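Position one of the sequence shown corresponds to residue 17 (this note's numbering), numbered consecutively onward.
Positions of the beta carbon are idealized from the N, C-alpha and C atoms, including for glycine.
Predicted, not measured: the structure shown is a model, and the values here were computed from it.
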Amino acid sequence: MRLAMQHNTLIFGSRRRHLRGYYDFRSNASSSGWIVVHPLVAQRMQECGLWTADDYLQLPGVIVSGHPDRHVRRVYLPRIGQAYLKRQHYVTLKERFRNWRQGHGWVSRSVREGRMLQLISQFTQNVPQWLAFGENNRNQAFLLVASLDDAVDLHHWIKRNEGLNPRDLARQIGEVIARFHDYGFTLPDLTAKHIFVNTKSHRIVVVDWASSNRCLFVPLRDRINDLAHLHASISHESVGVRERLALLSSALATYRQQSACRWNLPELARWIDRLSQHRSARSSLREQRQSQDEAPEFIWLAQEAVCVTPEAARWWPHPPMAPPFYDENHDDMTWVLPTGETGYLIRGCSRLTLKGLWNSWRGYPLSTPAQYWARLLVHLQRRGVPAIRLLAFGHRLRSWHSVEWFVLCAPYSFPCSFEDDRLLIDLGRLLRRLHEASCLLAPTAIHNAFSVYNDQLYICQIKYIIYRKRISKCKAINNLYSILKYLPFHVHKLIKYGYEK
């Protein structure tokens with residue numbers, strides 16, 4: 017294995033190729049891929065036993081956010097501390113082609129972001145410190161970045177409102193955005209959750225550079241698009257007009273000074289407002305504005321076969337894939353947890369569709385009902401909708417044409433009967449919150465989906481909840497009246513009162 021230093025970078029591999037001004041060392045077919053390591057931490061990485069791409073990809077940690085094809089994992093490394101591992105389970109040809117077409121080479125989004133951080137860090141320190149990135153020969157990729165100590169994202173800082181005037185913070189964020197644009201970097205993924213503020217020094221750090229591009233000059237339209245994306249990710253109740261104008265003024269100050277800009281500030285503000293109204297309907301931005309709670313964290317105990325929360329990891333049996341989670345019987349059942357709570361175990365076995373067979377053969381992530389219901393439970397928790405708590409889920413191939421899966425939730429209690437007027441009013445309120453969370457209830461399940469725990473009405477059966485990216489007011493009202501058809505007429509008034517209150 018070769019080791020070389022070029023442009024403040026240590027690169028491990030077996031043969032050298034010259035690409036866009038620096039040397040890249042890639043492995044041959046018999047090795048496990050290639051990695052690029054920051055020279056300041058290369059020795060410490062080797063002391064941790066991290067020599068190949070597979071060593072990085074197998075780092076244990078807690079999953080803090082994720083998608084079907086990738087996730088972000090918080091890991092701990094001796095002598096380095098906490099870090100975040102962006103792990104891609106599979107890199108598609110479509111992704112590589114998109115990166116190649118945009119001038120970044122035939123690489124994954126992790127490598128693209130790592131190279132962007134490597135380049136941006138030469139101009140400014142308002143980005144996270146990259147530690148390593150690379151790919152293996154199984155189309156998997158990773159990016160390891162250092163943790164941001166004493167930093168919270170912009171959403172949490174707005175809620176806490178710690179130590180700094182909001183308008184001053186808005187000006188600082190605008191100045192940071194202006195510097196990035198002046199250096200020639202675009203920010204297409206600029207949202208409030210990607211801006212971190214240090215609670216002590218108030219230093220601004222922007223994360224997630226996987227879609228950024230470098231150009232000689234960022235035109236006004238791209239600057240406006242980036243600011244509109246940020247504008248749409250923050251609710252109007254949390255940030256006022258004055259703070260938004262302060263950010264806009266500082267973000268476009270250098271552009272207006274250095275070029276003959278024919279737009280004045282109010283016109284630019286109206287332009288951004290029109291774009292943000294169009295983008296605010298996107299589900300990802302809408303969830304950022306409306307989310308109330310943190311998403312739960314998860315730990316892989318047996319890859320995707322068993323994914324549990326830290327709470328469940330304390331008592332999870334060994335081996336992880338033991339019954340009753342994976343068993344010959346695939347019926348749903350109640351299960352008393354070691355903590356004393358009653359959990360509800362949803363199990364099943366599904367046949368793979370043609371698309372599922374193709375994904376299985378290519379090594380793509382499988383799509384199962386367990387994934388859908390787990391994501392739905394996380395969505396309800398983040399939106400503050402009272403629902404049963406997700407503890408674990410997983411899926412594995414049973415044969416070449418079938419996959420078995422499970423979802424474990426708690427606490428579970430048997431469905432309630434709506435004989436109390438207070439419960440009927442609470443039902444109306446819960447249905448309203450469910451619709452506001454872009455979810456519908458199957459009308460026939462009104463007598464089986466709800467229960468009472470600690471004197472609070474909550475959703476005890478997730479199988480009857482349907483998620484839609486967009487729910488119009490008309491569709492929500494139709495769902496409400498469809499539900500009322502399965503209830504006695506004399507309770508309709510109380511449910512409507514709770515829904516409208």
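Counting C-beta atoms within 10 angstroms of its own C-beta, R363 has 16 or more neighbours from the protein chains shown and is therefore classed as buried.
Exposure of C231 is indicated by the presence of fewer than 16 other C-beta atoms within 10 angstroms of its C-beta.
For F466, DSSP records a beta bridge to I475. Here E111 is not bridged, per DSSP, to any residue.
K489 and K517 have their alpha carbons spaced roughly 16 Å apart. By the criterion of at least three beta-carbon pairs nearer than 8 Å, the segment 281 to 296 is not in contact with the segment 59 to 75.
According to the DSSP secondary-structure assignment, E320 is paired through a beta bridge with A318. By the Cβ neighbour-count rule, Y515 is buried, with 16 or more other Cβ atoms within 10 Å of its own.
Cβ-Cβ separation between H172 and R239: approximately 26 Å, too far for a contact (criterion under 8 Å). DSSP places C231 outside both helix and strand once states are collapsed to three, so it counts as coil. Look at T358 here: in three-state DSSP terms it is strand.
Exclusion of the five residues before and after W116 leaves W122 as the residues of its chain whose Cβ lies within less than 7 Å of its Cβ. Its chain contains L159, W225 and A226 as the residues whose beta carbon lies nearer than 7 Å to that of E129, once the 5 sequence neighbours on both sides are disregarded; these appear in chain order.
Of all C-beta pairs linking the segment 394 to 409 to the segment 310 to 325, three or more are shorter than 8 Å, placing the two stretches in contact.
Note on D436: under 16 other CB atoms within 10 angstroms of its CB, so exposed under the neighbour-count rule. A straight line joining the alpha-carbon of E253 with that of I220 spans about 23 Å. Here N470 has no same chain residue with a Cβ atom under 7 Å from its own Cβ, once five neighbours each way along the sequence are excluded. The C-beta distance from V507 to L440 rounds to 5 Å, short enough to meet the 8 Å contact threshold. Around the C-beta of N181, fewer than 16 other C-beta atoms lie within 10 Å, and the residue is accordingly described as exposed. Residues P336 and M337 of the same chain have their beta carbon placed closer than 6 Å to that of A318, with the five preceding and five following residues left out of the count. Nearest Cα to R449 within the set L424, Y483 and V423: Y483. In the same chain as L456, and ignoring 5 residues on each side of it, the C-beta atoms closer than 6 Å to its own belong to I482 and N495, in chain order. In this structure, N229 and T202 form a Cβ contact; the two beta carbons are roughly 5 Å apart against a cut-off of 8 Å. Straight through space, the alpha carbons of L424 and S467 are spaced by roughly 17 Å.
Between the segment 152 to 169 and the segment 184 to 196, the count of Cβ pairs shorter than 8 Å is below three; the stretches do not touch. Under the 10 Å beta carbon count, D166 is surrounded by fewer than 16 other beta carbons and is classified as exposed. For E357 and E283, the gap between their C-alpha atoms comes out near 58 Å.
Between the segment 73 to 81 and the segment 380 to 388 there are fewer than three inter-stretch CB-CB distances shorter than 8 Å, so the stretches are not counted as touching. Each residue's CA atom was taken as its position, placing I136 and F233 some 15 Å apart. Within the same chain, Cβ atoms closer than 6 Å to the Cβ of R412 are found at A321, the five residues on either side in sequence being excluded. The residues C365, S366, R367 and L368, in chain order, have a CB closer than 8 Å to that of S418 in the same chain once the five nearest residues on each side in sequence are set aside. According to DSSP, T350 shares a beta bridge with Y360. Shortest Cα-Cα distance from T460 to any of H210, F430, L500 and L446 involves L500. Residue burial annotation: D442 is buried, with at least 16 other C-beta atoms found within 10 angstroms of its C-beta.
Around the beta carbon of P144, a 10 Å sphere encloses 16 or more other beta carbons of the protein chains shown; the residue is thus reported as buried.
Note on I211: 16 or more other CB atoms within 10 angstroms of its CB, so buried under the neighbour-count rule.
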